[in-house]
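Undergrad:
There are 2 protein chains.
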Amino acid sequence: MAARPRIKDVAEYAGVSPKTVSNVINDFEHVSDRTRAAVREAIDALGYRVNLAGRQLRQGRTGVITLAVPELDVAYFSELAKYVMAEADRRGRTVLLHQTGAVRERELAALHGFDAQFCDGVILSPLSLVPRELATRDRRLPVVLLGERPAGGATDHVGIDNVRAAREATEHLLSRGRRRIAVIGGAVRGRQGTDRLRTDGHRQAVQAAGLPFDAELVVPVDAYHWRDGARAAAGLIRRNDPPDALLCLNDHLALGALRALHENGRSVPRDLDVMGFDDIEASSFSVPSLTTVAPDKEEIARTAVSLLLERIDDPESGPLRDHVAGHRIMVRESSGG
Amino acid sequence: MAARPRIKDVAEYAGVSPKTVSNVINDFEHVSDRTRAAVREAIDALGYRVNLAGRQLRQGRTGVITLAVPELDVAYFSELAKYVMAEADRRGRTVLLHQTGAVRERELAALHGFDAQFCDGVILSPLSLVPRELATRDRRLPVVLLGERPAGGATDHVGIDNVRAAREATEHLLSRGRRRIAVIGGAVRGRQGTDRLRTDGHRQAVQAAGLPFDAELVVPVDAYHWRDGARAAAGLIRRNDPPDALLCLNDHLALGALRALHENGRSVPRDLDVMGFDDIEASSFSVPSLTTVAPDKEEIARTAVSLLLERIDDPESGPLRDHVAGHRIMVRESSGG
DNA sequence: CCATGCGTTTACATCGATGTAAACGGGTTG
DNA sequence: CAACCCGTTTACATCGATGTAAACGCATGG
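Written out as structure tokens, the structure reads:
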């Protein structure tokens with residue numbers, strides 16, 4: 001089998017110079033129709049496809065953007081990845097998907113282009129990095145952050161209004177008559193991460209209702225997986241003064257909690273209400289189906305890609321942008337819906 | 001901020017030639033310790049990192065392998081991706097994750113390196129391509145196929161023994177006294193896809209037990225998602241002679257079926273048994289928890305990466321390989337476990 | 001003291017595509 | 001008919017890293 005054809009081969013076949021072939025490929029306007037046709041024919045005949053390495057070396061662009069998320073088997077991220085890839089595809093880019101495992105070093109590596117400088121820019125969903133680390137990133141690589149807003153604010157950002165979303169979630173539970181609402185995966189103090197922001201929103205709703213905020217009901221977790229939600233829920237219902245509702249900061253936690261409640265003979269929503277965050281596909285199909293906060297993932301993905309591509313095309317373009325994407329409360333069976 | 005340092009900058013800083021720096025980077029043996037140390041220091045001082053485009057252009061290698069799967073939000077694939085990435089990481093490679101959406105053209109594009117020739121090889125989990133198409137691939141790009149075994153057999157392959165796995169699954173249900181077992185997502189005829197192979201295995205078990213095989217109980221689906229499983233299950237229990245067990249060809253279908261059965265007042269496993277395939281994390285936490293066939297995903301990932309890297313390092317290396325990975329039946333509540 | 005050998009380092013060319021600037025050629029115009 | 005213009009095409013250099021082959025330097029042996 002012959003070697004992969006180069007631009008030079010196409011040029012010889014078409015009887016023109018390599019640069020002319022390049023001009024045709026890149027839709028340069030001053031190419032006569034005859035030449036263009038001849039080159040197109042040569043490209044088809046030889047099955048030529050551009051070599052990205054050569055192009056990048058010359059242009060400094062790859063057409064590849066990286067999406068770095070903590071874990072792909074957290075459904076929220078794989079669903080988000082799907083939207084990001086679809087949008088990138090629409091814009092003629094390729095997505096390099098990367099898992100950081102929420103490890104600091106790997107998130108930092110993502111910020112700096114993976115030593116590889118393989119991509120034109122990065123969409124990063126950070127978990128471990130603190131704002132200062134996020135701020136010291138390599139300015140040469142455009143970055144858009146997802147999730148919590150970086151305090152320093154040196155980077156474009158897309159996310160939902162976590163405080164408001166959590167407040168609305170708790171308001172929903174309060175409106176159902178729930179009074180002792182536990183927050184699984186929450187954080188009362190510490191940096192303004194997603195967990196802290198959502199806990200703050202919850203606290204606002206509780207206090208606005210004239211109820212006392214009980215920090216004992218905020219249960220931190222190791223990770224946002226089923227098992228962590230199950231463990232937390234099991235612990236909570238064994239307390240002397242158990243909660244009458246569980247606000248779980250993602251759907252995996254909530255689904256794990258549902259399982260634990262079932263194992264312990266509690267009925268949802270009769271005995272307790274349960275809510276989640278993210279609205280992953282599984283949440284429509286659980287038994288009972290799960291009330292949850294649904295961020296507009298498609299809006300998040302679309303906006304993140306747009307902001308990133310703008311920065312790539314023009315690194316100096318305007319001020320930092322901070323897009324707040326929409327969200328909805330999806331009321332389902334786990335809170336009587 | 002200064003421009004990214006090149007190998008030449010490092011060379012000047014260290015007072016050696018660019019090629020010597022390259023030798024240090026690539027661990028060439030004939031470099032004196034003094035020179036090596038000086039170069040290392042220069043690299044640190046300047047924060048130098050190799051430019052992959054330059055390297056690929058010269059070496060024809062990127063260190064990047066592609067994993068192309070139908071859909072990332074099918075948990076089996078995102079879990080598999082996690083293992084593949086972990087293994088690739090261990091081997092010092094980067095994974096470019098790609099979604100084909102089960103679209104023929106996109107699977108073909110994957111086979112040919114995405115027009116981009118960005119990667120050294122591809123691990124492809126095909127859904128739509130027929131064996132002939134798989135055989136006509138570009139020989140220059142090493143490929144490992146996952147899932148069903150390609151009939152033509154022109155490519156390395158890793159998968160479980162689908163026929164046996166399905167036979168064992170059905171045997172489990174039969175041993176519980178189930179007699180009318182429906183297959184959701186199955187196929188009685190057509191090419192030897194995963195669906196067909198598993199249906200065949202099921203049929204073998206049924207007939208080995210001296211029972212009639214009822215093709216009416218094999219229900220095809222559009223996709224392997226919750227909603228499809230829910231729809232199929234809802235249809236089945238409305239029949240005059242409903243099944244007493246559902247063998248669903250992936251866990252999403254099974255979880256959707258559980259939901260539909262619940263909505264229709266059926267109790268699992270009292271009224272029916274339900275089984276899935278894949279053993280995704282959600283299946284341990286559903287209510288009831290799901291009996292399922294657990295392929296050894298880690299073995300699949302590890303082997304696929306190994307085979308691919310061998311082919312990349314030596315394209316002529318030996319005959320085609322076909323690795324059959326292990327699987328287990330995980331008995332849980334949905335079949336009385 | 002020079003020749004030889006071996007291990008280390010360097011100069012140069014090269015991978016493929018494309019920016020730059022100059023060359024080319026056909027048509028106008030004075 | 002020459003000077004000129006403008007749109008098209010080309011020659012050449014370049015991006016960064018590395019393979020090749022030759023040069024270099026130090027040590028040993030004749």
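Order-wise, the sequence lines are chains A and B.
So the first sequence is numbered by UniProt numbering: it starts at 1 and just counts up by one.
So the second sequence is numbered by UniProt numbering: it starts at 1 and just counts up by one.
Backbone N, C-alpha and C define an ideal beta-carbon position, used for all residues, glycine too.
Counting only C-beta atoms, is Leu255(B) closer than 8 Å to chain A at any point?
TA: It does; some Cβ of chain A falls within 8 Å.
Undergrad: If you count every other CB in all the chains shown that lies within 10 Å of the CB of Phe28(A), and 16 or more means buried, which is it?
TA: Phe28(A) is exposed by the Cβ-count criterion.
Undergrad: Under 8 Å, CB to CB, which of the residues in the segment 282 to 299 of chain B have a partner in chain A?
TA: If the cut-off is 8 Å between Cβ atoms, the segment 282 to 299 of chain B has Ala282, Ser284, Phe285, Ser286, Val287 and Ser289 near chain A.
Undergrad: When you compare only the Cα positions, how much space is there between Gly177(A) and Leu247(A)?
TA: Roughly 14 Å between the two C-alpha positions.
Undergrad: With DSSP run on the structure shown, which of helix, strand or coil describes Val206(B)?
TA: In the structure shown, Val206(B) sits in a helix (DSSP, three-state: H, G or I).
Undergrad: In this structure, how does DSSP classify Asp251(A) when only helix, strand and coil are distinguished?
TA: Here Asp251(A) sits in helix by DSSP.
Undergrad: Find the nearest neighbour of Arg123(A) within the set Gln56(A), Leu309(A) and Ser32(A), judged by alpha-carbon distance.
TA: First, the residue type needs correcting, since residue 123(A) is Ile and not Arg in the sequence shown. It is Leu309(A) whose Cα lies nearest to the Cα of Ile123(A).
Undergrad: Identify the residues that DSSP records as bridge partners of Val64(A): which are they?
TA: Thr94(A).
Undergrad: Would you please verify whether the beta carbon of Lys8(A) is less than 8 Å from any beta carbon of chain B?
TA: No, because no Cβ of chain B sits closer than 8 Å to the Cβ of Lys8(A).
Undergrad: If you reduce the DSSP assignment to three classes, tell me which class Phe77(A) lands in.
TA: Looking at Phe77(A) - three-state DSSP - the assignment turns out to be helix.
Undergrad: So, are the CB atoms of Ala166(B) and Gly210(B) less than 8 Å apart?
TA: The answer is no: Cβ separation not under 8 Å.
Undergrad: Might you give, ordered along the chain, the residues of its own chain that have their beta carbon closer than 7 Å to the beta carbon of Val188(B), omitting 5 neighbours on each side?
TA: Cβ within range, chain order: Thr199, Ala215 and Val218.
Undergrad: Pull up the distance between the alpha-carbon of residue 341(A) and that of Arg231(B), whole angstroms please.
TA: Residue coverage of chain A in this structure runs from 1 to 337, which leaves residue 341(A) outside it and unanswerable.
Undergrad: For Pro295(A), which of helix, strand or coil comes out of DSSP?
TA: Pro295(A): strand per DSSP, three-state reduction.
Undergrad: How many angstroms separate the CA atom of Val293(B) from the CA atom of Ala75(B)?
TA: C-alpha separation (whole angstroms): 14 Å.
Undergrad: Would you mind stating whether Ala182(B) and Leu236(B) have Cβ atoms separated by less than 8 Å?
TA: Yes; because the gap between Cβ atoms is below 8 Å, this pair is in contact.
Undergrad: Three-state secondary structure (DSSP) at Ile237(A)?
TA: The answer is helix: DSSP assigns Ile237(A) an H, G or I state.
Undergrad: Give me whichever residues DSSP pairs with Ile25(B) in a beta bridge.
TA: Its beta-bridge partners do not exist; DSSP assigns none.
Undergrad: Can you find at least 3 beta carbon pairs, one from the segment 272 to 281 of chain A and one from the segment 294 to 308 of chain A, that sit closer than 8 Å?
TA: As far as the Cβ criterion goes, the segment 272 to 281 of chain A touches the segment 294 to 308 of chain A, which means the pair count is three or higher.
Undergrad: So does the segment 82 to 92 of chain A actually touch the segment 84 to 95 of chain B, counting three or more Cβ pairs closer than 8 Å?
TA: The segment 82 to 92 of chain A, when compared against the segment 84 to 95 of chain B, does not touch it at the 8 Å Cβ threshold.
Undergrad: Measure from the C-beta of Gly185(A) to each C-beta in chain B and report whether the shortest distance is under 8 Å.
TA: No, Gly185(A) lies away from the interface with chain B (no Cβ there is under 8 Å from its Cβ).
Undergrad: Just list the alpha helix (DSSP H) runs in the segment 148 to 235 of chain A, keeping only unbroken ones of 4 residues or longer that don't cross its boundaries, in chain order.
TA: Listed in chain order, the complete alpha helix (DSSP H) runs (minimum 4 residues) inside the segment 148 to 235 of chain A are 162 to 175 and 194 to 208.
Undergrad: Just confirm the distance between the C-beta atoms of Asp273(B) and Arg179(B), as a whole number of angstroms; I'd bet it's less than 8 Å.
TA: 11 Å between Cβ atoms; not a contact.
Undergrad: Under 8 Å between the Cβ atoms of Gly121(B) and Val143(B)?
TA: Going by C-beta atoms, Gly121(B) is nearer than 8 Å to Val143(B).
Undergrad: Could one say the Cβ of Met330(B) lies closer than 8 Å to chain A's Cβ atoms, at least one of them?
TA: No, Met330(B) lies away from the interface with chain A (no Cβ there is under 8 Å from its Cβ).
Undergrad: With DSSP collapsed to three states, give me the class of Val122(B).
TA: If DSSP states are grouped into helix, strand and coil, Val122(B) belongs with the strands.
Undergrad: Please name the residues in the UniProt domain "HTH lacI-type" (5 to 59) of chain A whose beta-carbon is closer than 8 Å to at least one beta-carbon of chain B, in chain order.
TA: Residues passing the 8 Å Cβ filter: Arg49, Val50, Asn51, Leu52, Ala53, Gly54, Gln56 and Leu57.
Undergrad: Provide the residue span of the alpha helix (DSSP H) that contains Arg328(A), from first to last.
TA: Unbroken run through Arg328(A) is the beta strand (DSSP E), His327 to Met330; no alpha helix (DSSP H).
Undergrad: How would you write the range of the alpha helix (DSSP H) that Gly54(B) sits in, first residue to last?
TA: That run of the alpha helix (DSSP H) goes Leu52 to Gln59.
Undergrad: How close, in whole Å, do the beta carbons of Leu307(A) and Val158(A) come, if the pair is a contact with beta carbons under 8 Å?
TA: 7 Å between Cβ atoms; contact.
Undergrad: With a threshold of 16 other CB atoms inside 10 Å of the CB of His30(A), please say whether the residue is buried or exposed.
TA: It counts as exposed.
Undergrad: Quick check on Met85(A) - is its C-beta less than 8 Å from some C-beta in chain B?
TA: For Met85(A), the answer is yes, since a Cβ of chain B falls inside 8 Å of its Cβ.
Undergrad: Who are the Cβ neighbours of Ala81(A) in its own chain at under 8 Å, not counting the five residues just before and after it?
TA: Excluding positions up to five away in sequence, the list reads Leu67, Val69, Leu72, Val95 and Leu97.
Undergrad: Kindly confirm or deny that the segment 16 to 25 of chain A and the segment 37 to 54 of chain A touch, where touching means at least three C-beta pairs closer than 8 Å.
TA: As far as the Cβ criterion goes, the segment 16 to 25 of chain A touches the segment 37 to 54 of chain A, which means the pair count is three or higher.
Undergrad: Shortest alpha-carbon distance to Asp156(A) belongs to which of Met330(A), Gly336(A), Ile312(A) and Val331(A)?
TA: Answer by Cα proximity: Ile312(A).
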